[in-house]
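What follows is a short report on a single structure.
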Amino acid sequence: MVDLPPFALDHWLSAHDFATPPIAYNLASSTGPRWSVADLCALGDAPLAIDDTILSYAPPEGGAPLRAAIAAFHDTDPDTVIATTGASEALSILFCLGARPGANIILPDPGYPAYAAVAQAWGLSTRAYRLGREAGFAQRADAILAQVDADTSLVILNTPHNPTGAVMPRTQIEALAAALAERGVPLLVDEVYHPLYLAASQRSAAGISNVIVTSDLSKALSLPGLRTGWLIDADADRRARIIDARSYFTISSSPLLERLATHALRHSDAILSRLRSVAQSNIVQLDALVAGSRGRLAWARPDGGTTAFPWLADGRDSRPLCETLAAQGVLLAPGDCFGHPMHMRLGFAQQAEGFDTAINRIADALAAL
Ligand SMILES: Cc1ncc(COP(=O)(O)O)c(C=O)c1O
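Residue numbers (the working numbering): 32 to 400.
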C-alpha cells in the first residue's frame, strides 16, 4: 500500500470551514472572494444560461471554447492547453509521467504539501530547495540547480508562491528554464496565484521555452468549486501522453463546469478586480498588525498571491495560538501543516467584511502571548 501522509492542512481547514456553522473569519484558506452560480452567470452583457447543457462527457483535453479562453488568459496558443480537474490533476499526471526507477523531482520548502505527498505516492523521490525567510522566501535558481542531477525528471517553481507570497521575476524564470533545458529537465511553473501581484505585475510564464505551466480557476480566479485547472505545454509528444493519462484518470471535465469556467475566464477582469480590491485593503491591515505587534510577529510582505507566512519572532510553535484564535472564530493555518511550526499561513484575499475584527482578535491574542 502507498504510504500517503495525512493532509494536515486540509484536515485543519475542513474541521473548521465545513463545521456547522462554519468559522466566522476564515484567514486560513488561500482562495479569493466567494461567488454564487447566479452571480457568475450574471457577469457580462449576455448572462450565461446553462439549462441547455448536454450532460455527456467533454473531450479529454477540454472543449475548444474552454481551451481558447484559457489560452487568451495566458496569452498563448490554444493547441498547447489541456484542461484538467483542478491543478491537482495536472500535477498528478505530470508526476505519474515523470516517475521512473530512481527518478527525483525538485520542489520548494516551504511549499504546497501535495507536491511532495503526491510525487512520492507515484514513486518519485523528492528533493527540497529552501526558501529562506531572511531572503524574503525567494526561490533561487542557484539553490534549485544545485539539487538537479541526471535522475531529475522535473523541477517545480510556484510563483506567486503558496504559502509565502514570494514572486520569482519572469527574467529569472527564463534563465532557470534555459539552464534546465541544457540538463534535459523541464521546469513546471505552478501559477495558480497568477495574476495577483501586490508589487510589480508580470506576464504568465506560458510561452517560455522548456516551461510547463499549471494553473486553475481555484485561487486568483476565486472559483475552486468549478474544479477546473489546466496545463500548458508546448511539447506535442508530451501533450499526447498527458491527454491519454487524463482519459485514464478522470476521462474529462463536466461539460456544465466547462461552460461556467469558460464564462468565468471571459470575464476574468471582473473577478480579478473584486479579488484585488479585497486583497489590497486587507494587506494594509496586515501591515498594521505586524507593525503594532511589538516585534512578536515578523513577516516577509508578500509580493503576490493570497497568503502570507508570518512567524512568531520568539520561535515558539504557532499551533496553540491558532487553536486559541479558532475558538474565537478566527482561522489561521498552523505552520506545522507546512513543516514550519513557528510560522502560520494567513490568507488575506477571501473576505473584506469583518477582516478588521479578525485582525483585532489576532492582535489581542499576540499581546497575550
Ligand atoms: C500551489 C498550489 N497548486 C495547486 C493547487 C491545487 O488546487 P486546485 O486543484 O483547486 O486547482 C493548490 C491548492 O491549494 C495550490 O496551493
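Cβ coordinates follow ideal geometry from the N, Cα and C atoms, glycine included.
Any non-hydrogen atom of ligand 1 within 7 Å of Gly-196 CB: no
Inter-residue spacing [alpha-carbon to alpha-carbon] between Ser-324 and Met-373: 16 Å
Element boundaries [alpha helix (DSSP H), containing Gly-196]: It is not in any alpha helix (DSSP H) - Gly-196 carries neither H nor E in the DSSP assignment.
Inter-residue CB distance, His-371 and Pro-141 (contact presumed, cutoff 8 Å): 5 Å
Val-315 - partner residues in DSSP beta bridges: Its beta-bridge partners do not exist; DSSP assigns none.
Nearest to Pro-191 (by Cα), restricted to the options Thr-116, Ala-69, Ala-231: Ala-231
Near ligand 1: Ser-285 beta-carbon under 7 Å from a heavy atom: no
Integer Cβ distance of Leu-58 from Phe-379, believed to fall under 8 Å: 7 Å
Ile-204 - containing beta strand (DSSP E), residue span: Taken as a continuous stretch (DSSP letters only), Ile-204 belongs to no beta strand (DSSP E), being part of the alpha helix (DSSP H) at 201–213.
Same chain, Cβ closer than 6 Å to Asp-75, five either side skipped, listed in chain order: It should be pointed out that residue 75 corresponds to Gly in this sequence rather than to Asp. For Gly-75, where only same-chain residues beyond five positions count, the Cβ hits under 6 Å are His-298.
Beta carbon shell of ligand 2 at less than 6 Å from a heavy atom: Of the ligands this structure carries, namely ligand 1, none is ligand 2.
CB of Thr-157 within 8 Å of CB of Asn-135, strictly: yes
With 16 other Cβ atoms within 10 Å as the buried cut-off, status of Leu-207: buried
Alpha-carbon to alpha-carbon, Val-216 and Leu-262: 17 Å
Leu-356 to Ser-312 span [Cα, whole Å]: 22 Å
Beta carbon of Pro-286 nearer than 8 Å to that of Ile-85: yes
C-alpha distance - Ala-172 paired with Gln-203, whole-angstrom precision: 7 Å
Residues bridged to Pro-365 (per DSSP): Met-375
Distance between Gly-335 and Asp-395 (C-alpha atoms, nearest Å): 27 Å
Close-in-space but distant-in-sequence residues of the same chain around Ala-389 (CB under 7 Å, 5 per side omitted): Tyr-56, Leu-58, Val-361
Cβ pair count under 8 Å reaching 3, the segment 102–121 against the segment 270–290: yes
For Gly-346: DSSP bridge partner residues: None; Gly-346 has no bridge partner.
Own chain, CB closer than 8 Å to Glu-120, minus 5 neighbours either side, in chain order: Gly-260, Arg-277, Phe-280, Thr-281
Which residues DSSP lists as bridging Ile-393, in chain order: In the DSSP output, where bridge partners are listed per residue, Ile-393 has none listed.
Leu-188 in three-state terms, based on DSSP: strand
Ile-263, enclosing beta strand (DSSP E) - first and last residue: 260–263
Inter-residue Cα distance where the pair is Glu-205 and Leu-176: 14 Å
Endpoints, beta strand (DSSP E) assigned at Leu-219: 218–221
Asp-264 classed as buried or exposed, judged by whether at least 16 other C-beta atoms fall within 10 angstroms: buried
Pro-96 versus Pro-341 - alpha carbon distance: 41 Å
Residue(s) in a DSSP beta bridge with Asn-57: Leu-362
Thr-51 burial status per 10 Å Cβ neighbour count (16 or more: buried): exposed
Straight-line gap, Asp-318 to Ala-77 (C-alpha atoms, nearest Å): 40 Å
DSSP bridge partner residues for Thr-183 (one or two, in chain order): Asn-135
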